[in-house]
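What follows is a short report on a single structure.
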Amino acid sequence: MMIRRLSLLLALGFGLCALPGCSWFSDWDGKQGSLDAERRVAANATYDNTPEGLYAAGVEALQAKRFAAAADYFDQIERDHPYSTWATNAKLMSAYAEYQRNRYTEAIGALDRFIQLHPAHRDIAYAFYLRALCYYEQIADAQRDQRPTEQAMAALQDVVNRFPDTAYARDARLKIDLARDHLAGKEMNIGRFYQRQRLYAAAIGRFRRVVEDYQTTNHVPEALHRLTEIYLTLGLTDEAKKTASVLGHNFPGSPWYQDSYALLVDGAPTYAQDRPGLVARVWNWIF
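Note that numbering that gives the first Met the number 0 has the sequence shown beginning at 0, numbered continuously upward.
In structure tokens form, the structure reads like this:
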């Protein structure tokens with residue numbers, strides 16, 4: 000019975016790993032400080048110190064959302080039984096427990112070691128994917144430094160390159176698109192700031208970068224419209240017409256094109272006249 004139970008727990012452990020974002024853990028707030036010393040002692044007393052017993056304890060702690068305790072159990076396997084077959088799996092499970100605690104630096108460190116030591120492991124694709132998730136979930140909003148976004152994109156692209164036909168790669172591609180949208184949003188924020196400050200050369204550089212480097216994002220139509228505005232402000236009518244033409248050709252139904260057209264043609268209505276405001280018109284165009 001004990002062997003069957005451990006087998007089930009092992010399978011469950013890797014089942015949890017396959018679903019890092021599932022609703023099982025969605026309501027956990029990342030502050031697993033509720034397991035005090037007495038409960039640790041009681042939990043340890045339930046299992047022997049064999050690698051099998053510690054692993055079973057770790058998996059059951061994961062089920063109970065006691066992620067700090069789970070990490071302790073898996074780490075203990077590595078410390079006390081480093082040459083056992085359980086120790087290899089424990090490295091990955093420990094990283095997963097740290098990820099669930101939002102301790103991304105610790106999780107990334109553990110995953111880097113796992114990847115370096117076990118490049119041919121059956122779950123190596125998951126290890127790369129979980130590592131990418133650790134970076135991805137640290138992406139700040141578009142107002143802040145975007146270095147984590149660039150790190151996340153690199154890690155996600157690594158998953159795509161190494162394991163192109165897996166479910167991990169499919170999800171990584173979607174997340175890369177979202178990360179690119181973050182970076183484009185950063186460029187747009189800076190460009191708008193420069194435009195308000197009448198630093199037009201700097202603003203043009205930012206908006207052009209969005210158009211050229213982030214062509215698949217939803218920010219491109221606005222970037223083209225902002226370029227049209229700036230060119231008209233500078234008296235570069237031909238450049239404004241060319242930019243508006245590109246906008247109309249590629250995004251004929253965009254509210255940004257209607258606004259650009261209104262700037263160039265006297266009497267043409269702007270999209271804002273038909274909608275209550277900027278947020279509403281962009282929302283209706285996207286959705």
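Glycine residues also receive a C-beta, built at the ideal position from the N, C-alpha and C atoms.
Would you kindly work out how many angstroms separate the C-alpha atoms of K224 and C133, rounded to a whole number?
For the purposes of this step, residue 224 is taken as residue 225 along the sequence shown, with counting starting at 1. For the purposes of this step, residue 133 is taken as residue 134 along the sequence shown, with counting starting at 1. It is worth fixing the name first, because residue 224 is His in this sequence and not Lys. If I take the Cα positions, the gap works out to 36 Å.
Within this structure, are the beta carbons of Y167 and Y128 separated by less than 7 Å?
Mapped onto the sequence shown, residue 167 falls at position 168. Mapped onto the sequence shown, residue 128 falls at position 129. One thing to note: Y167 has its Cβ within 7 Å of the Cβ of Y128.
Exposure label - D74; buried when at least 16 CB within 10 Å
As a working mapping, residue 74 is identified with position 75 in the sequence shown. Buried is the call here.
Simplified DSSP state of A63, which is helix, strand or coil
Sequence index remark: in the sequence shown, residue 63 carries index 64 (1-based). Coil, per DSSP.
Alpha carbon to alpha carbon, how far is F66 from I189?
If you number the sequence shown from 1, residue 66 lands on position 67. If you number the sequence shown from 1, residue 189 lands on position 190. When rounded, the distance between both Cα atoms is 40 Å.
Could you pull the start and end residues of the alpha helix (DSSP H) that D194 belongs to?
The sequence position of residue 194 within the sequence shown is 195, counting from 1. The sequence as given places Gln at residue 194; Asp does not occur at that position. That run of the alpha helix (DSSP H) goes 166-195.
Quick one: Cα of H120 to Cα of P251, how far?
Translated into positions along the sequence shown, residue 120 becomes position 121. Translated into positions along the sequence shown, residue 251 becomes position 252. The straight-line gap from Cα to Cα measures roughly 50 Å.
Inter-residue Cα distance where the pair is F206 and S93:
The residue labelled residue 206 in the question sits at position 207 within the sequence shown. The residue labelled residue 93 in the question sits at position 94 within the sequence shown. About 44 Å.
Hey, would you say A70 sits closer than 7 Å to L61, going by beta carbons?
As a first step, residue 70 is located in the sequence shown; it is residue number 71 there, counting from the start. As a first step, residue 61 is located in the sequence shown; it is residue number 62 there, counting from the start. For A70 and L61, no; Cβs fall outside 7 Å.
Option in A154, R146, L198, T84 with minimal Cα separation from L110
As a position in the sequence shown, residue 110 is number 111, starting the count at 1. Cα-wise, what sits closest to L110 is A154.
I138 - DSSP class collapsed to helix/strand/coil:
Here residue 138 corresponds to residue number 139 of the sequence shown, with the count starting at 1. Correct three-state label for I138: coil.
Exposed or buried, what is D164 when buried is set at 16 or more other beta-carbons lying within 10 Å of its beta-carbon?
Position 165 of the sequence shown, counted from the first residue, corresponds to residue 164. So D164 ends up on the exposed side.
L91 - DSSP class collapsed to helix/strand/coil:
Position 92 of the sequence shown, counting from 1, holds the residue named residue 91. Three-state result, L91: helix.
Spatial distance of A222 from E136 (CA atoms):
Here residue 222 is taken as the residue at index 223 of the sequence shown, counted from 1. Here residue 136 is taken as the residue at index 137 of the sequence shown, counted from 1. Going from the Cα of A222 to the Cα of E136 covers about 27 Å.
Going along the chain, which residues of its own chain have a beta-carbon closer than 7 Å to the beta-carbon of I107, five neighbours each way excluded?
Sequence index remark: in the sequence shown, residue 107 carries index 108 (1-based). Here the set comprises R130, C133.
From A243 to T232, what does the alpha carbon distance come to, in whole angstroms?
In the sequence shown, counting from the first residue as 1, residue 243 sits at position 244. In the sequence shown, counting from the first residue as 1, residue 232 sits at position 233. A243 and T232: Cα-Cα distance of roughly 14 Å.
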